[in-house]
Amino acid sequence: MVQWQCMGFLGFGAPAQAVSTDDTRIHELLTRGVTNVIPRDLAQKKLSSGERLRIYFGIDPTGAKLHLGHSVPLRKLRQFADLGHHVIFLVGSFTAMIGDPTGRDAARTSLSEEQVRANFQDYKRQAERVLDFSKAEIRYNNEWLAPLSFSKIVELASSFTVQQMLQRDMFQRRMEEGKPISLHEFLYPLMVGYDSVVLDVDCELGGSDQEFNMLAGRHLQQVSGKREKFVLTTPLIEGTDGRKMSKSYDNCVYLEDDPSDMYGKLMSIKDELIGTYLEVLTDLGSDEIESIGAMHPKEAKMRLAREIVAMYHSKEAATAAEEAFTSTFSEGTIPDDIPSVGRSEVKNMREFIVKVVGISGTAATRYFEQGAIENEAGEKITDPTAPPIVGKYRIGKRQFGKILP
RNA sequence: GCGUCGGUGGCGGAGUGGUCAAUCGCAUCUGACUGUAAAUCAGACGCCCUAGCGGCUACGCAGGUUCGAAUCCUGCCCGGCGCACCA
C-alpha cells in the first residue's frame, strides 16, 4: 500500500486565524466571478457565522499546463483563504486513474504514483502564482478511494438512480449521438462525491462544468448524515477567440506564458470579453473596471493586458511587454531578440525559414508563395531558393528570424 | 452469441474500382483591411527534393483479387444499434 503523505497540513494545532464576516467581502466572494451558489442561503449563513469553514477544491493531476481559466477557481479559493477559512486542496490521485468523463471520450491513461506526484508538483509550481500552498491542507483521494470495498461502492451507487445520472447534459448528448458511455463513467460522480463525505467540508468550489459532480457530493453528505456543504461554481472563461478556453482550441493564455506572449494574447481577445476578464481575472475594483470599460477597446485591452502580466510576472515586465508590443505590431519594427541562424548554416532562404520556424520545407515554400516573408526594409522575399542574406526578417504575422553573418 | 451498420486528413463528414493527396464545413495558416484583433474578401492547408503537370507515404490492421482499390474479397481489431441470453 502506498503511503500518501499530507503535505503542508495545518489542520490541527495551527493558530486559529480570525475569520472575517465582513458583509461587503462576503458579498463579493459570492458574486464576483461566480456562476452559481447552491444553496445560496446556506452559504450566506455559514459565512456570516464567524466559524472557520472547511472548503475544498479538487484537481486531476494530469500534468496539464494551467491557463487563465484554471486561475478562476484558484483565485476564488484564495479569497476564501484570505477571509480566514481553512482551505483543502484535493489531488485526485485516484480519480486520475479512471479519467474524468467530462472531457469527451479521452483515453484514460492510468497514472503511476510517481506521475501523480510529479504532476502535482508541476501543478503547484504554476498555481503558486495565484495561491499560497503553504496555507493549504493537501490531500490525495487515493487515501480513501483505493481501499473502498465493493460493498461500500454498491452502497454509494444505491444513492443514485440511473435517471439521475442520465440527466447530465453530456450523457444525454452522447446518447443522442450514439456515442459510447462506459459504465465506469457513472461512478465518477460517486467518487468525487465521496471525497466530500470523507473530508467533511462546508463548501466545495469548482468550475461550472463540475456542478453535477459537486452536487452528487452534496447528496452523499446528506445521505450519510454528514454536515451539509454548499457548492460554488466559477465560470468557464472564454479564450482569445471567444470560445471556451481550452487547450484543444489553442486559445489559451497560460499562467507561465512569458510576458510578451501573455500580453500579445490578451491584446487579441475579442472586445466583448474585456469586461469579463477584468471582473473575473483581476482584483481591480468595480469603479476602475467601469472606467476602463468606457475607454477605447484598444486602450482597455492594453490596460487589461498590463494588469494581468503584472500579476503573473511583474510591473516592469508588463511595461516592457507593452513597449515591445507597440513597437513590433503598431509600428512594425522587427525585434532584436529573435531566433537566428548563421549564414553558412543554410543554403537558401527556404532552409532559413525551415530552421528558424521549425516547419516542413513544403510549408516554408508556401510562405514564400504567399508573400509572408519580409525583410527589414519591408520588401517581400518570394524566391525560396534565393541565397541567404544577412538581416532580420518578419515571417508571417508574428514570427521573426535573423540571419547572422 | 446472432444480426446489422460503421471505422477516411486536427475535428465533423463526403467519396463506394481509375486524373483521389481525396468534395464540403469547422479549426488552422497566409495576404488585403484594421485599433492588436474580430468581421469581411482572397488564397493555402500530407511529406521530400534537382520544385516537375516529379517522387514518396496515406483512407482501422493484415493479407488477397485486379493493369489499377479509400472503394471489391477474406481474416482480425474497435465501436453503434437491434435481437437473444438474463440462474
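When the count follows the working numbering, it moves up by one through the first sequence with no breaks and lands on 484 for the last residue.
Don't be surprised by glycine CBs; every beta carbon is placed ideally from N, CA and C.
Only a predicted model underlies this, so the values are computations on that prediction, with no experimental measurement involved.
- Here the C-alpha atom of residue 439 lies approximately 37 angstroms from the C-alpha atom of residue 196.
- Counting of Cβ neighbours within 10 angstroms places residue 275 among the buried residues, the total reaching 16 or more.
- Assignment of residue 380 by DSSP, reduced to helix, strand and coil, places it in the helix class.
- Per DSSP, the continuous alpha helix (DSSP H) segment holding residue 339 begins and ends at 338–346.
- In this structure, the alpha-carbon of residue 406 lies about 33 angstroms from that of residue 143.
- Nearest in C-alpha terms to residue 344, of all of 262, 357, 318, 121, is 318.
- Here residue 472 is actually not in contact with residue 278; their C-beta atoms are around 56 angstroms apart, not less than 8 angstroms.
- Per the coordinates, the alpha-carbon of residue 423 lies some 50 angstroms from the alpha-carbon of residue 315.
- Its Cα nearest to that of residue 401, the residue 378 stands out among 420, 418, 378.
- Scanning the region 399–453 from its first residue to its last, the whole beta strand (DSSP E) runs of 3-plus residues come out as 419–421.
- The region 372–390 makes contact with the region 343–359, as at least three CB pairs between them are under 8 angstroms.
- Fewer than three Cβ pairs drawn from the region 203–212 and the region 241–253 lie within less than 8 angstroms of each other, which leaves the two stretches out of contact.
- Contact between residue 479 and residue 387 is ruled out by a C-beta separation of about 24 angstroms, above the 8 angstroms threshold.
- Secondary structure of residue 115 (DSSP, three-state): strand.
- DSSP places residue 266 within a helical segment (H, G or I) once states are collapsed to three.
- The beta carbons of residue 467 and residue 433 sit no closer together than 9 angstroms.
- The alpha helix (DSSP H) runs lying completely inside the region 248–314 and spanning 4 residues or more are 248–255, 263–278, 290–302, given in chain order.
- With distances taken between CA atoms, residue 160 lies nearest to 105 out of 141, 105, 172, 418.
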